[in-house]
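Novice: So the protein sequences, as listed, match chains X and Z.
Positions in the first sequence are counted from 1; adding 3 to them yields my numbering.
Positions in the second sequence are counted from 1; adding 1 to them yields my numbering.
Take a look at the following structure, please.
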Amino acid sequence: MGNQQSIARFWGVPLFWLFCLVIATFSFPYFEELFRQVAPNQRQVIYTRDSFFALLLNHLSLVGIAAIISILLGVSSAIFVTRSYGKDFLPLVSQIASMGQTFPPIAVLALSVPLLGFGALPTILALSLYGLLPIVRNTLAGIQGVDSAVIESARGMGMSSFQVLRQVELPLASTVILSGIRTSVTINIATAAIGSTIGASTLGDPVISGLVNGNTAYVIQGAILIGLLALSTDSLLDRLQNRLSTRR
Amino acid sequence: MTNNTMIELQQVSKLYEQTAAVDAIDLTINKGEFCVLVGTSGCGKSTTLRMINRLIPHSAGKILIEDQEINSFNEQTLRRRIGYAIQNTGLFPHWSVERNIGTVPRLLKWPEKRIQERVVELLELLNLPYSDFAHKYPSELSGGQAQRVGVARALAGDPDILLMDEPFGALDPITRESLQNELLRIQQQIHKTIVFVTHDMDEALKLANHIVVMDQGKIIQQASPYELLLNPATAFVSQLLGGEDRGLKQAGLMKVGEHMFAAKSSNINNMVFNSLGFDISATEQLASVKTHDSLRFALSVMLWHQCDMLKVEEEQQLVGYISLQQIMQARPHG
Ligand SMILES: Nc1ncnc2c1ncn2[C@@H]1O[C@H](COP(=O)(O)OP(=O)(O)O)[C@@H](O)[C@H]1O
Ligand SMILES: [Mg+2]
Chain X
4 MGNQQSIARF WGVPLFWLFC LVIATFSFPY FEELFRQVAP NQRQVIYTRD
54 SFFALLLNHL SLVGIAAIIS ILLGVSSAIF VTRSYGKDFL PLVSQIASMG
104 QTFPPIAVLA LSVPLLGFGA LPTILALSLY GLLPIVRNTL AGIQGVDSAV
154 IESARGMGMS SFQVLRQVEL PLASTVILSG IRTSVTINIA TAAIGSTIGA
204 STLGDPVISG LVNGNTAYVI QGAILIGLLA LSTDSLLDRL QNRLSTRR
Chain Z
2 MTNNTMIELQ QVSKLYEQTA AVDAIDLTIN KGEFCVLVGT SGCGKSTTLR
52 MINRLIPHSA GKILIEDQEI NSFNEQTLRR RIGYAIQNTG LFPHWSVERN
102 IGTVPRLLKW PEKRIQERVV ELLELLNLPY SDFAHKYPSE LSGGQAQRVG
152 VARALAGDPD ILLMDEPFGA LDPITRESLQ NELLRIQQQI HKTIVFVTHD
202 MDEALKLANH IVVMDQGKII QQASPYELLL NPATAFVSQL LGGEDRGLKQ
252 AGLMKVGEHM FAAKSSNINN MVFNSLGFDI SATEQLASVK THDSLRFALS
302 VMLWHQCDML KVEEEQQLVG YISLQQIMQA RPHG
């Protein structure tokens with residue numbers, strides 16, 4: 004009983020944002036009058052080209068697929084360059100990881116169109132590349148931050164390199180890695196919206212369409228959903244990270 | 002090489018670039034021996050130690066364990082047979098004390114039940130009550146407790162050899178001393194072959210039965226603690242031994258029990274006392290020491306009480322006397 008209460012308190016914030024997100028996704032039509040105040044000159048004030056739920060799912064799958072790709076690629080490349088056989092590449096990879104952060108996402112998006120054309124694919128490519136950087140950076144920091152005495156005793160007791168990685172380095176780096184994943188995913192939820200400009204179907208659709216047609220109501224609807232989605236995901240990952248660091 | 006030899010280093014070197022961190026050393030360590038490598042920082046002690054469990058590959062020479070070249074073993078198999086404890090403990094911060102201690106047994110794939118029994122046994126050996134400590138995490142331990150766990154973990158796989166690199170170096174003097182005493186007590190029970198690294202000559206004299214003095218990658222002298230004190234081979238060794246403090250250090254190695262005269266019938270006592278010019282009626286008020294105290298300690302008690310004679314007692318029973326003269330004349334039995 005007490006346990007259930009504390010679980011509810013622990014997950015309270017993400018649950019609240021998730022609840023708001025679900026409500027917002029389905030309830031915009033009921034607030035038609037309100038949105039008409041914002042865009043009085045428009046014939047239509049509720050975005051209907053696609054259902055918000057479909058846009059939300061599509062947005063989430065783009066971000067999700069991109070996140071899986073960048074986690075796999077990012078974590079494994081950071082692991083590779085911290086092994087003895089890959090350490091020659093460490094300066095290169097850590098340089099790219101810190102430089103890439105200064106690159107604007109819209110530029111990555113624009114650059115991937117010539118490669119993959121319009122649609123979901125170039126968006127996924129851009130998101131995975133952009134999301135790669137915080138993950139690589141944090142995985143590197145996490146692994147390099149493990150006390151060298153701990154590694155030395157792990158090896159000294161007869162763990163194989165893989166056992167040291169799996170049982171010592173990764174668990175000890177996990178909070179830092181997860182915080183990188185959190186940054187990456189949260190940024191990409193916002194960035195994915197820009198995918199609408201190159202033909203992916205995302206929560207950015209109403210925003211772009213609103214901007215093009217001067218329909219502020221559309222812009223607001225898209226922005227609210229993107230904002231709530233980012234808040235839900237970020238707080239959910241924050242709780243997960245907290246879980247991991249206190250469980251030890 | 003006899004079959005009493007546990008570890009043998011033959012002309013072993015370690016080169017970094019062109020400089021030798023360890024320079025062609027020969028060292029034989031017998032089974033059950035407590036061998037201490039001592040020397041100033043950077044002289045190659047840790048390098049020597051880590052070459053034994055192959056954390057550092059040696060550049061030249063041969064290292065044998067029970068007659069077998071260490072390179073003939075699988076690296077992990079070798080290390081699981083050798084306990085390893087270091088200064089900063091290297092405990093796994095994300096694992097409980099119990100899990101930390103069980104590391105090597107788990108690598109050796111012991112059944113869970115046997116691992117748990119072993120953990121219980123080791124915590125008991127190191128005076129850490131199971132119920133208080135097994136489920137703690139390293140961050141919840143004091144420095145001394147963490148180091149005890151480190152030693153327990155090194156012993157867990159029941160290795161024949163224990164390598165220890167300045168394990169007590171980061172502890173305060175009182176905790177260090179009590180851990181040294183416990184290590185000696187434990188060694189009396191388990192008779193491992195211990196190779197212990199320290200820069201502290203007092204620690205070496207106290208723990209070792211085989212001291213190896215190193216300087217700039219070379220072995221300068223190896224001897225028993227007594228021999229080292231009596232005959233330091235070079236000025237460097239006597240400087241390490243503390244110069245004029247040597248007398249006190251030597252007194253620190255000898256036990257009161259070995260140099261006192263035992264209390265016999267009071268007649269004989271009378272005779273002895275008279276010959277020493279000592280007033281027998283004063284014996285009641287004498288300060289007392291124990292047989293296991295060192296002569297150094299007895300001397301300090303004499304200085305403190307401004308007297309030249311002490312009672313020796315065990316469990317409140319008079320067992321003998323020790324005089325200043327006996328301390329002055331005491332020579333180690335070797
Ligand atoms: N990885 C390394 N590369 C180059 N030199 C090293 C390395 N490790 C140790 N040394 C050198 O080897 C010498 C011996 O080091 P070490 O065995 O750690 O000394 P000690 O444990 O006696 O203080 C030192 O002079 C040290 O600078
Ligand atoms: Mg050292």
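Just so you know, even glycine gets a beta-carbon here, dropped at the ideal spot from N, CA and C.
Which residues end up in the neighbourhood of ligand 1 when you take C-beta atoms closer than 5 Å to any of its heavy atoms?
Specialist: Those residues are Z/Tyr17, Z/Ala22, Z/Ser42, Z/Gly43, Z/Cys44, Z/Gly45, Z/Lys46, Z/Ser47 and Z/Thr48, given in chain order.
Novice: Using 7 Å as the limit for Cβ to Cβ distance, is Z/Gly144 near chain X?
Specialist: Here residue 144 of chain Z refers to the residue found at position 143 when the second sequence is read from its first residue. No, because no Cβ of chain X sits closer than 7 Å to the Cβ of Z/Gly144.
Novice: Could you give the distance in angstroms between the alpha-carbon of Z/Arg1 and the alpha-carbon of X/Tyr88?
Specialist: In the structure displayed, chain Z extends from 2 to 335; residue 1 of chain Z sits before or after that span and is not available.
Novice: Kindly list, in the order they appear in chain X, the residues whose Cβ is closer than 7 Å to that of Z/Thr104.
Specialist: Here the question's residue 104 of chain Z lines up with position 103 in the second sequence. Those within 7 Å of Z/Thr104 in chain X are Met160.
Novice: Taking 7 Å as the threshold (C-beta atoms), are X/Val84 and X/Leu76 in contact?
Specialist: Along the first sequence, one-based indexing puts residue 76 of chain X at 73. Along the first sequence, one-based indexing puts residue 84 of chain X at 81. In this structure, X/Val84 does not lie closer than 7 Å to X/Leu76 by Cβ.
Novice: What are the residues in the stretch 159-179 of chain X lying within 7 Å of chain Z by C-beta distance?
Specialist: Going along the stretch 159-179 of chain X in chain order, one finds Gly159, Met160, Gly161, Met162, Ser163, Val171, Pro174 and Leu175 with a Cβ nearer than 7 Å to chain Z.
Novice: With 9 Å as the limit, tell me which residues of the stretch 69-85 of chain Z have their beta carbon closer than that to any beta carbon of chain X; keep them in chain order.
Specialist: Within the stretch 69-85 of chain Z, the residues whose Cβ lies closer than 9 Å to some Cβ of chain X are Glu76, Gln77, Thr78, Leu79, Arg80, Arg81, Arg82, Ile83, Gly84 and Tyr85, listed in chain order.
Novice: Can you find a CB in chain Z that lies within less than 7 Å of the CB of X/Ser64?
Specialist: One-based indexing of the first sequence puts residue 64 of chain X at position 61. Cβ-Cβ to chain Z under 7 Å: no for X/Ser64.
Novice: Would you verify that the beta carbon of Z/Leu172 is, or is not, closer than 7 Å to some beta carbon of chain X?
Specialist: Your numbering for residue 172 of chain Z matches position 171 in the second sequence. Taking Cβ atoms only, chain X never reaches closer than 7 Å to Z/Leu172, which makes this a no.
Novice: What separation, rounded to the nearest whole angstrom, lies between the Cα atoms of Z/Glu18 and Z/Ala61?
Specialist: Here residue 18 of chain Z refers to the residue found at position 17 of the second sequence. Here residue 61 of chain Z refers to the residue found at position 60 of the second sequence. Approximately 14 Å between the Cα atoms of the pair.
Novice: By Cβ distance, which residues of its chain are closer than 6 Å to Z/Gly84, with the 5 residues on each side in sequence left out?
Specialist: The sequence position of residue 84 of chain Z within the second sequence is 83, counting from 1. Closer than 6 Å at the Cβ level, and outside the excluded window around Z/Gly84, lie Ala155, Leu156, Pro160 and Leu163.
Novice: Answer yes or no: do Z/Met7 and Z/Thr292 have a C-beta to C-beta separation smaller than 7 Å?
Specialist: Looking up residue 7 of chain Z in the second sequence gives position 6. Looking up residue 292 of chain Z in the second sequence gives position 291. No, the Cβ-Cβ distance between Z/Met7 and Z/Thr292 is not below 7 Å.
Novice: Less than 7 Å between CB atoms is the rule here; does Z/Gly91 satisfy it with respect to chain X?
Specialist: Walking along the second sequence from the start, residue 91 of chain Z turns up at place 90. It does; some Cβ of chain X falls within 7 Å.
Novice: Could you tell me which residues DSSP pairs with Z/Ile323 in its beta bridges?
Specialist: Sequence index remark: in the second sequence, residue 323 of chain Z carries index 322 (1-based). Partner(s): Z/Leu311.
Novice: When we look at the beta-carbon of X/Gly120 and count the other beta-carbons within 10 Å, is it buried (16 or more) or exposed?
Specialist: Counting from 1 along the first sequence, the entry for residue 120 of chain X is found at position 117. With fewer than 16 Cβ atoms within 10 Å of its Cβ, X/Gly120 is classed as exposed.
Novice: Give every residue of the same chain whose Cβ lies closer than 6 Å to the Cβ of X/Ala129, excluding the five residues on either side of it in the sequence, and list them in chain order.
Specialist: Reading the first sequence from its first residue, position 126 is the one you call residue 129 of chain X. Same-chain partners within the cutoff: Val111, Leu112 and Ser115.
Novice: Kindly provide the ranges of any alpha helix (DSSP H) runs that are 4 or more residues long and lie completely inside the stretch 7-93 of chain X, ordered along the chain.
Specialist: Counting only runs of 4 or more, we get 15-30, 35-41 and 55-84.
Novice: Classify Z/Asn232 as helix, strand or coil using the three-state DSSP reduction.
Specialist: Counting from 1 along the second sequence, the entry for residue 232 of chain Z is found at position 231. Residue state, collapsed to three classes: coil.
Novice: When the Cα of X/Gly122 is compared with those of X/Asp208, X/Met162, X/Lys90 and X/Thr219, which residue comes out closest?
Specialist: Sequence index remark: in the first sequence, residue 122 of chain X carries index 119 (1-based). Here the closest residue by C-alpha is X/Asp208.
Novice: With distances taken from CA atoms, which of Z/Leu208, Z/Gln148, Z/Ala263 and Z/Pro130 is nearest Z/Ser225?
Specialist: The sequence position of residue 225 of chain Z within the second sequence is 224, counting from 1. Minimum Cα distance to Z/Ser225 is reached at Z/Leu208.
Novice: Which residues of chain Z have a Cβ atom closer than 7 Å to the Cβ of X/Ser156, listed in chain order?
Specialist: Against the first sequence, residue 156 of chain X aligns to sequence position 153. By Cβ distance, chain Z contributes Tyr85, Ile87 and Gly91.
Novice: Just list the alpha helix (DSSP H) runs in the stretch 111-144 of chain Z, keeping only unbroken ones of 4 residues or longer that don't cross its boundaries, in chain order.
Specialist: Counting whole runs of 4 or more residues, the stretch 111-144 of chain Z contains the alpha helix (DSSP H) stretches 113-126 and 131-134.
Novice: For the stretch 45-71 of chain Z, list every residue whose C-beta sits within 7 Å of some C-beta in chain X, in sequence order.
Specialist: From the stretch 45-71 of chain Z, only Asn54 and Leu56 have a Cβ closer than 7 Å to chain X.
Novice: Residues of chain Z with CB closer than 8 Å to the CB of X/Ala152, please, in chain order.
Specialist: Taking the first residue of the first sequence as 1, we reach residue 152 of chain X at position 149. Those are Ile87, Gln88, Asn89, Thr90 and Gly91, listed as they occur along chain Z.
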